[in-house]
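The structure appears below as structure tokens.
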Amino acid sequence: MSEVLVVVDHVDGAIRKPTLELLTLARRMGSASAVFIGPADAAAGAAEKLAAHGAEKVYTVDDAPLRGYLVVPKVEVLQHLVEKTSPAAVLLVSGSEGKEIAARLSIRTGSGLITDAVDLDADGTTTQSVFAGSFTVKAKVTTGTPIITVKPNSAPVEETAGAGIVEPVSVAISEGAKAAMVVASQPRKASGRPELTEAAIVVSGGRGTGGDFAPVEALADSLGAAVGASRAAVDSGWMPHSFQVGQTGKTVSPQLYVANGISGAIQHRAGMQTSKTIVAVNKDPEAPIFELVDFGVVGDLHTVLPKVTEEVTTR
Ligand code: FAD
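First residue of the sequence shown? That's 951 in the numbering used here, and the numbers climb one at a time after it.
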């Protein structure tokens, strides 16, 4: 069975959930092989987790010589692995780094590239949801090694034992790959909340907050949820773009999505409509979001949310 390479997305060795989703998809096409480019002391723990989610092989690459550079050294590592293993596909998480690596890798290997897939069949056919979910496109790479980026929350996480054979890989990085390096970076302030695309509960706010996100954040914290925002809230400068849910923001698919003061424009729905249970609080009973919800509350969010938060907190 051909290998399918899964590029591991992690933070200091802690594997992020979308990688485990990629392993589920990889196993449909062949034998899942994870590529962990990260700190050497985190490799064993990472390999164990990857094996517990079906990785038959884990290529580990110590990232110490790569640190401080942009993505090109990682591309060279992956190019080496593609040439060595001739995989059936390479899967990456659709994020800014995943997409940049995918684009560069496809050029270096002369391969076709598909971005933002939301599903993958055993024969390599991908599904993409385009124009805010108005159209579904089925596409397949016909040249080279299929390089595919997959949106988070597109597949279930499956716990299934794989052999998890660890194979350390060492690749000599070219001088050209070191042409750009990071000269300064500022770590993101830890919010203590779950990552938006991985959270089981997301509480979002829109223009209806009037810029006061305190009730939204208080409810989110009482539920252990992530905070999201509509583009109107982001464009108004009330929340950073990393909080935006929708067509030009993040796609979320939590167990519970609570939309507060959000009208339910198609571009917002594109990022949250696959949530398992949707609740909306909106003062306009005609708001389009109510067409989509499992539970709706017609009311002012500044009145409703503090009551819900109090109820949750006292339970
Ligand atoms: P509005 O549409 O203004 O709705 C505010 C809602 O709040 C109303 O329904 C109102 O009744 C309610 N409200 C007001 N006050 C209160 C209150 N006190 N209590 C309760 N309810 C109240 N949008 C996204 O969200 N994500 C995207 O990724 C995105 N991408 C886009 C891409 C393109 C190419 C384009 C053209 C648009 C995109 N948009 C996106 C914008 C989208 O079309 C909408 O403009 C946006 O989602 C509206 O945000 P909103 O619902 O917060 O604001």
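Don't be surprised by glycine CBs; every beta carbon is placed ideally from N, CA and C.
Values in this document were obtained by computation on a predicted structure and should not be read as measured data.
In the three-state scheme derived from DSSP, where H, G and I count as helix and E and B as strand, Q1078 is classed as strand.
Residue side-chain check: A1237 places its Cβ nearer than 8 Å to a non-hydrogen atom of the ligand FAD.
Looking at A982, D991, T1227 and T1198, the one whose alpha-carbon comes closest to that of V1011 is D991. Taking 8 Å as the cut-off, the C-beta of R1058 does not count as close to any heavy atom of the ligand FAD.
T969 is positioned such that its CB atom lies no closer than 9 Å to that of V961. Each residue's CA atom was taken as its position, placing D1013 and E1047 some 15 Å apart. Less than 9 Å divides the Cβ of V1032 from the Cβ of T1095.
Annotation for D1171: the continuous alpha helix (DSSP H) segment containing it runs A1164 to L1173. Its Cα nearest to that of L1169, the residue V1231 stands out among V1231, A1130, A964 and A1182. Closest by C-alpha distance to V1008, out of A1182, G995 and F1245, is G995. Three or more Cβ pairs closer than 8 Å define a contact, and the segment 1117 to 1132 falls short of that threshold against the segment 1221 to 1230. Counting the other Cβ atoms within 10 Å of the Cβ of A1111 gives fewer than 16, which makes it exposed. Spatial neighbours of G1004 in its own chain (CB-CB distance under 6 Å, excluding positions within 5 residues in sequence) are listed in chain order as L973, R977, A982, T1110 and G1112. Our two residues, S1120 and V1025, have alpha carbons roughly 13 Å apart in a direct line. Distances between the C-beta of G1045 and the heavy atoms of the ligand FAD are all 8 Å or more. Taking every residue with its beta carbon within less than 5 Å of a heavy atom belonging to the ligand FAD gives, in chain order, G1156, R1157, G1158, S1180, R1181, A1182, G1196, Q1197, T1198, G1199, G1211, I1212, S1213, A1215, Q1217, H1218, N1232, K1233, D1234, A1237, D1250 and L1251. Judged by beta-carbon spacing, T1099 lies beyond the 9 Å limit of I1057, meaning their Cβ atoms are not closer than that value. G1174 has its alpha-carbon roughly 7 Å from the corresponding atom of R1143.
Exposure of R1265 is indicated by the presence of fewer than 16 other C-beta atoms within 10 angstroms of its C-beta.
Under the three-pair Cβ rule at 8 Å, the segment 1185 to 1202 does not count as touching the segment 1240 to 1253.
Bridge partners of H960 according to DSSP: I965.
In the structure shown, P1102 falls within a coil segment according to DSSP collapsed to helix, strand and coil. L1206 places its beta carbon 9 Å or farther from that of I1123. Within its own chain, no residue has a Cβ closer than 6 Å to the Cβ of R1219 once the five positions on either side in sequence are excluded. V956 is positioned such that its CB atom lies closer than 9 Å to that of A984. Going by C-alpha positions, G1018 is about 12 Å away from A1127.
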